[in-house]
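Structure, as structure tokens:
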Amino acid sequence: MNELKSTKYMKIFSALGYAIGFGLIIWYSIFQNNAVFPIVGVIVIFIGRFIGYGLDRIVELKEDKKKN
């Protein structure tokens, strides 16, 4: 797999995913009112990273297409 030239969007969406995901996990550990929160938290973290990586790839491919 090729190294990305820019990871701007991946950093932004990863940070959002971590904040929301770990927020849900911590919320469950404190209040223990819904056992689905930890599962949803982990899914949110992965979705955030996936969206960020996808956006970075799209931007990189568009830049490469403009150069060629």
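Residue 2 in full-length UniProt numbering sits at position 2 of the sequence shown; the count goes up by one each step and never skips. Where a beta carbon is used, it is the ideal one built from N, C-alpha and C, also for glycine.
Please report the distance separating the alpha-carbon of residue i from that of residue j.
| i | j | result |
| --- | --- | --- |
| residue 27 | residue 43 | 15 angstroms |
| residue 41 | residue 53 | 19 angstroms |
| residue 19 | residue 8 | 17 angstroms |
| residue 68 | residue 25 | 46 angstroms |
| residue 37 | residue 66 | 43 angstroms |
Just reading off the alpha helix (DSSP H) that residue i is part of, what are its end residues?
| i | result |
| --- | --- |
| residue 35 | No alpha helix (DSSP H) contains residue 35, which DSSP labels as neither H nor E. |
| residue 8 | 8 to 31 |
Exposed or buried, what is residue i when buried is set at 16 or more other beta-carbons lying within 10 Å of its beta-carbon?
| i | result |
| --- | --- |
| residue 64 | exposed |
| residue 6 | exposed |
| residue 31 | exposed |
Compare the Cα-Cα distances from residue i to each of the options and report the closest residue.
| i | options | result |
| --- | --- | --- |
| residue 16 | 45, 33, 56, 62 | 45 |
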